[in-house]
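Numbering (my numbering), first residue to last: 467 to 553. Where a beta carbon is used, it is the ideal one built from N, C-alpha and C, also for glycine.
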């Protein structure tokens with residue numbers, strides 16, 4: 467579908483001051499902030515793992531997220547819900 471009206475000079479695609487709404491530095495900076503404040507070793511390990519995962523995702527290194535080295539041989543998953551039990 468084409469339009470006969472010319473593109474506006476303030477069109478989002480042609481505007482020079484069009485700032486991205488998604489800032490890839492926001493999440494890593496927040497994780498670093500939490501790492502500085504966190505004292506519990508278990509929580510720090512969880513934050514470091516999340517930080518590594520986040521940076522690999524943002525860097526498009528998806529194939530390195532689940533390498534054998536940082537994962538366990540037999541993971542145990544826990545799922546909880548706040549919904550009432552059907553029984």
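Original post:
For the alpha helix (DSSP H) that residue 511 lies in, which residues bound it at each end?
Top reply: Position 45 of the chain shown, counting from 1, holds the residue named residue 511. Unbroken alpha helix (DSSP H) run through residue 511: 507–524.
Original post:
Just curious, the alpha helix (DSSP H) that residue 495 is in, first and last residue?
Top reply: Numbered from 1 along the chain shown, position 29 holds the residue referred to as residue 495. It spans 492–503 - the alpha helix (DSSP H) in which residue 495 sits, taken as one unbroken run.
**OP:** Output the distance between the C-alpha atoms of residue 530 and residue 515, rounded to the nearest integer angstrom.
**Re:** Along the chain shown, read from residue 1 onward, the residue named residue 530 stands at position 64. Along the chain shown, read from residue 1 onward, the residue named residue 515 stands at position 49. When rounded, the distance between both Cα atoms is 13 Å.
Subject >> Of the listed residues 487, 501 and 526, nearest to residue 517 (C-alpha basis) >> reply: The residue you call residue 517 lines up with position 51 of the chain shown. Measuring from the Cα of residue 517, the nearest candidate turns out to be 501.
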